[in-house]
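Report on the structure given below.
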Amino acid sequence: MKKSRTPMEKRAIYPGSFDPITNGHVDIILRGEKLFPHILIAVLENPKKKTLFSTAERIKIIREIFKDHSHIEVRAFRGLLVEFAKKHYARIVIRGLRAVSDFEYEFQMALMNKKINPTVETIFMMPSVKYTFLSSSLVKEVFALGGCVSDLVPLVVEKRLHEKFQKLK
Ligand code: COA
């Protein structure tokens, strides 16, 4: 993908594990898109964390969802988020705050990121109320136990979940 000419202070990063991406994440990204001209979705590659979908699979899914959004870019990252932000000329980190319980962890992370790189700003967005209970683990659990997840994830994620669980059987 071509590097955008969007000024650094307007390039935003939305980081996460996205294992898998849910409608809650999509909601934040679509609303973030109205505020920032360029959003880089940064998919955490953490060799220590066991994920259902590989990094390549998670990236492929997200790219498919946003294939018609030319200002949304998807990349893997490892190591420090703020270093990745610097490397990709981004100054804004978008984070979703689903509930009060998210606050302490997010507050700590934002302050630590700021300490490591004071030029990076964290912006918090609240997902729609209907997604405040949502998490990737819950989606996987509900799906694995035969529950319906079609209201919780994009169609492509539901399809990939079917394929994945079929293979794991
Ligand atoms: N809608 C639905 N679910 C959401 C959501 C939303 N808007 N926002 C978060 N979630 C869910 C996620 O799916 C995830 O669910 P899971 O735990 O069941 O997988 C959970 O909430 C936690 O999400 P998040 O806090 O985004 O964690 P993460 O692992 O996805 O991402 C990073 C965390 C990548 C931002 C953070 O670990 C990081 O920056 N790592 C890099 C290392 C670094 O720089 N460390 C220093 C920072 S202090």
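Residue 105 is where the sequence shown starts when you use the numbering used here, and the numbers rise one by one after that. For glycine and all other residues, C-beta sits at the position ideal for the given N, C-alpha and C. Quick caveat, the model's predicted, so the values are computed rather than measured.
Could I get the ranges of all uninterrupted beta strand (DSSP E) runs contained in the segment 179-204, with 3 residues as the minimum, in chain order?
196-200, all fully within the segment 179-204.
Report the three-state DSSP secondary structure of M229 (helix, strand or coil).
Numbered from 1 along the sequence shown, position 125 holds the residue referred to as residue 229. In this structure, M229 counts as strand in the three-state DSSP scheme.
Could you spell out where the beta strand (DSSP E) holding H142 opens and where it closes?
Position 38 of the sequence shown, counting from 1, holds the residue named residue 142. That run of the beta strand (DSSP E) goes H142 to L148.
Does the segment 118-133 touch the segment 211-228, meaning 3 or more C-beta pairs lie closer than 8 Å?
With a cut-off of 8 Å, the segment 118-133 and the segment 211-228 do not count as touching, because too few Cβ pairs lie within range.
Report the rounded CA-to-CA distance for A160 versus S205, giving the unit in angstroms.
For the purposes of this step, residue 160 is taken as residue 56 along the sequence shown, with counting starting at 1. For the purposes of this step, residue 205 is taken as residue 101 along the sequence shown, with counting starting at 1. Near 30 Å, if we compare the C-alpha coordinates of S205 and A160.
Closest to Y118 by CA distance: which of K164, T155 and A194 is it?
Working through the sequence shown from its first residue, we reach residue 118 at position 14. Cα-wise, what sits closest to Y118 is A194.
Alpha helix (DSSP H) containing I117: first to last residue?
As a working mapping, residue 117 is identified with position 13 in the sequence shown. Run containing I117: none in the alpha helix (DSSP H); it sits in the beta strand (DSSP E), R115 to G120.
Only counting the same chain, and skipping five residues up and downstream in sequence, which positions put a Cβ closer than 8 Å to that of L185?
In the sequence shown, residue 185 corresponds to position 81, counting from 1. Answer for L185: I117, P119, A146, V197 and N217, listed in chain order.
According to the neighbour-count rule (16 or more other Cβ atoms, all chains shown, within 10 Å of its Cβ), is A189 buried or exposed?
Taking the first residue of the sequence shown as position 1, residue 189 is located at position 85. Result: buried.
Who pairs with E267 in a beta bridge, going by DSSP?
Indexing the sequence shown from 1 puts residue 267 at position 163. Answer by DSSP bridge pairing: none, since E267 is not bridged.
DSSP three-state label for I166, please.
Counting from one through the sequence shown, the residue named residue 166 turns up at place 62. It is helical.
Between A180 and the rest of its own chain, which residues show a CB-CB distance below 7 Å, the 5 nearest in sequence each way excluded?
Position 76 of the sequence shown, counted from the start, is the residue given in the question as residue 180. Cβ neighbours of A180 beyond the five flanking positions: V147, E149, T159 and I163.
So what does DSSP say about I133, is it helix, strand or coil?
Counted from its first residue, the sequence shown places residue 133 at position 29. The answer is helix: DSSP assigns I133 an H, G or I state.
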